[in-house]
Structures are given as C-alpha cells and as structure tokens.
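Some notes on the structure that comes next.
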Amino acid sequence: MILTGAAIAAAVARGEITIEPFDAAMLNPNSYNYRLGPTLKFSPADVIDARVDTPVTEVTIPEDGYVLQPGTLYLGATVETVGSRQYVPSLIGRSSLGRLGLFLQVTADLGQLGACHRWTLEIVAVQPLKVYAGMKIGQFSFWAPEGHRLPYQGFYGHVSEPVPCNPAAAAGHRTLEVAA
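Just so we're aligned: 135 in the working numbering is position 135 of the sequence shown, and the numbers increase by one with no gaps anywhere.
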C-alpha cells in the first residue's frame, strides 16, 4: 500500500515518518518532493575499476547552476533528511525532469526501514542539462511493509555519500528503532 500525500502529512505529524525540513507545499497526491543538495560528486576516470577505490571530484553547484554532462554518473544528496521505522521510502524521479533526459536513482531507489538520513542520489543526464542546488529533483513515496520487520543495520560508504554520513558521528543520519 502506498501512502497518499494526506497520509504522508499525517504520518509526519504522528512522528511515524521523518522529513526534515518538512513543507506541506512539497506534498503530491501520493509522494513528497525532495530537493537537490549543494554538492555533486563524479569520477574523472576514463575507466572505473570495481575492484579499487574510485577517484572522485566534488563540485559545489554555483548559484547560476551546474551543467550535467552525458556519460557521467553524478552522486548528489537530498536536502531533506528522510526516514521511517513504520514505512519504506522509495525515491523516484520527477516526470518533468525525465522528459528533459534526467535519470534519477539508476539502481538504488528503495530505502531501508529504519534508516533516516539525507539520501544519496544517482544522477545521469542523456544530454547536457543545467541543475540548481535546492531545486525539486525527485519524489519520495512511502510504502507499508508486510511481514517480519528487520531493523536497518547498514553503513554508508565514503565514496558514495556526498555528505558526511556515518552512524556514530554524522549529523543528518540516524537509525530509527524498528518494531518487530
């Protein structure tokens, strides 16, 4: 079962979903918009070797925007800290940007029950496309799980996380208790 916008707002009010900062104007009929954070990471390597650490370049998106280039995977982050111990978040793109050739969450669109953080975004443009820090870039939907609930036990890697994020030290990340 997917939550409607009104159900998302009610779950936030009850503390069942965390969205920080929350803005009711960002609600859609069955999702919540998220915004692009101020930095992007990408690898300048001609060939990326999955067996070794990947070199990355980090850029701060200027006020007048940053042009994404085709053939490059960019890692960004949501402005919002999002998570829930009750509902499973899923990141999806905005159709208006999809029609411009922007792909979001190429492989990892399903969040983990109990994880609460700013989400890493996998961003690919099929043609040069200018993006801006703080722009609405995608949507979160929330799903009610069925069956035994396992608590989130993961950790975010240093290369894939555009903002510092680890369970012990980073602001913007915490693991929420999951009821069995």
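Note that beta-carbon positions come from the ideal geometry of N, C-alpha and C, so glycine has one too.
Helix or strand or just coil, what does DSSP make of residue 82? strand
Given 7 Å as the limit, tell me if residue 119 has its C-beta closer than that to any heavy atom belonging to the ligand PLP. The ligand PLP is absent from the structure shown, which contains no ligands of any kind.
Pairing CB atoms from the region 18-30 with CB atoms from the region 50-67, are three or more of them under 8 Å? no
For the beta strand (DSSP E) containing residue 90, name the first residue and the last one. 88-93
Tell me residue 67's beta-bridge partners as DSSP assigns them. 130
Is the region 116-133 close to the region 62-73, with three or more CB pairs under 8 Å? yes
The region 89-97 in contact with the region 138-146 per 3-pair CB rule at 8 Å: yes
Going by the DSSP bridge assignment, what does residue 60 pair with across the sheet? 39
If you drop the 5 nearest sequence neighbours on each side, which residues of the same chain put their C-beta closer than 7 Å to that of residue 4? 29, 30
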